[in-house]
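A.B. asks: Please find one structure pasted underneath; my questions will follow.
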Amino acid sequence: MVMRVSTFLAPVFLAGLVAVPAQAQPVKPDPAHIAATFAKDIKWTIDANFGEEVAYIMGDPAKPGPYIMLIKWKPHTMSTPHTHNTDRFVYVASGTWWVSDSPHYDPSKTYPVPAGSTGIDKAGQVHWDGAKDEPVLLVLYGQGPANTVKVPEKK
11 MVMRVSTFLA PVFLAGLVAV PAQAQPVKPD PAHIAATFAK DIKWTIDANF
61 GEEVAYIMGD PAKPGPYIML IKWKPHTMST PHTHNTDRFV YVASGTWWVS
111 DSPHYDPSKT YPVPAGSTGI DKAGQVHWDG AKDEPVLLVL YGQGPANTVK
161 VPEKK
């Protein structure tokens, strides 16, 4: 009996294997419909003002119109007090963003803004920011032309 059942089930089992469709490979969308840039392909540069890494996703802060940029702060790297001529809207994508509105640079007096939070660098207002013990990735939106003006140190 065991021999008969296994003789009968073997072809059924093999037919079942053949009938299972192969996993379909994902189809890359037409870039005219959805354009994607993989993280490995994002072009990063070093910002001359404070040394953070920046990548421009859309637009150009030096030109009129909207722009979106990524900012990567390495651990223990911060800007110094400065202002911008336009509002800049920030989303903390990863890490903890440390901020201050003091005209005096003192990292021990910065305030933590965790991942998933948002913020606004208000036009004309002194602030500075960066990372403490971990890297930080920010997504920033603004309207150009935008500039950064370093503020002289006040004690």
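Following my numbering, the numbering of the sequence shown begins with 11 at its first residue and continues without gaps.
For every residue, glycine included, the Cβ atom is placed at its ideal position computed from N, Cα and C.
Would you call the segment 50-63 in contact with the segment 78-89, where contact means no fewer than 3 C-beta pairs closer than 8 angstroms?
C.D. replies: Taking 8 angstroms as the limit for Cβ pairs, the verdict is that the segment 78-89 does touch the segment 50-63.
A.B. asks: Sort Gln-153, Ser-104, Lys-160 and Glu-163 by Cα distance to Asp-143 and report the nearest one.
C.D. replies: Checked all of Gln-153, Ser-104, Lys-160 and Glu-163; the closest Cα to Asp-143 is Ser-104.
A.B. asks: Along the chain, where does the beta strand (DSSP E) containing Val-109 start, and where does it finish?
C.D. replies: From DSSP, the beta strand (DSSP E) with Val-109 extends over 106-110.
A.B. asks: On the DSSP letters alone, give me the boundaries of the beta strand (DSSP E) that Ala-141 sits inside.
C.D. replies: Its beta strand (DSSP E) spans residues 138-141.
A.B. asks: Sorted by chain position, which residues of the same chain lie with C-beta nearer than 6 angstroms to Tyr-101's C-beta, five sequence neighbours on each side aside?
C.D. replies: Within the same chain, Tyr-101 has close Cβ partners Thr-128 and Val-149.
A.B. asks: Can you tell me which of Lys-119, Lys-38 and Ala-34 puts its alpha carbon nearest to the alpha carbon of Thr-90?
C.D. replies: For Thr-90, the nearest C-alpha among the options comes from Lys-119.
A.B. asks: Rounded to whole angstroms, what's the CA-CA distance from Thr-87 to Pro-39? Just pull it up for me.
C.D. replies: Near 38 angstroms, if we compare the C-alpha coordinates of Pro-39 and Thr-87.
A.B. asks: Kindly indicate the opening and closing residues of the beta strand (DSSP E) around Lys-73.
C.D. replies: Lys-73 -> no beta strand (DSSP E), and no H or E assigned at all.
A.B. asks: Helix, strand or coil for Lys-53 per DSSP?
C.D. replies: It is coil, neither helix nor strand.
A.B. asks: Output yes or no for whether 8 angstroms exceeds the beta carbon distance between Gly-134 and Arg-98.
C.D. replies: Cβ distance not < 8 angstroms, so Gly-134 and Arg-98 don't count as in contact.
A.B. asks: Quick one: residues in its chain with C-beta nearer than 7 angstroms to the C-beta of Pro-145, no 5 flanking neighbours on either side, listed in chain order?
C.D. replies: Cβ neighbours of Pro-145 beyond the five flanking positions: Lys-82, Trp-83, Lys-84, Pro-85 and Gly-105.
A.B. asks: Based on the DSSP output, what are the partners of Gln-135 in its beta bridges?
C.D. replies: None, per the DSSP bridge assignment.
A.B. asks: On a Cα-Cα basis, can you pick out the residue from Ala-49, Val-123, Pro-71 and Lys-50 that is closest to Asp-57?
C.D. replies: Comparing Cα positions, the closest option is Pro-71.
A.B. asks: Could you work out which residue in Tyr-115, Thr-96 and Trp-54 is closest to Ile-130 when comparing CA atoms only?
C.D. replies: Checking every option, the nearest Cα to that of Ile-130 belongs to Thr-96.
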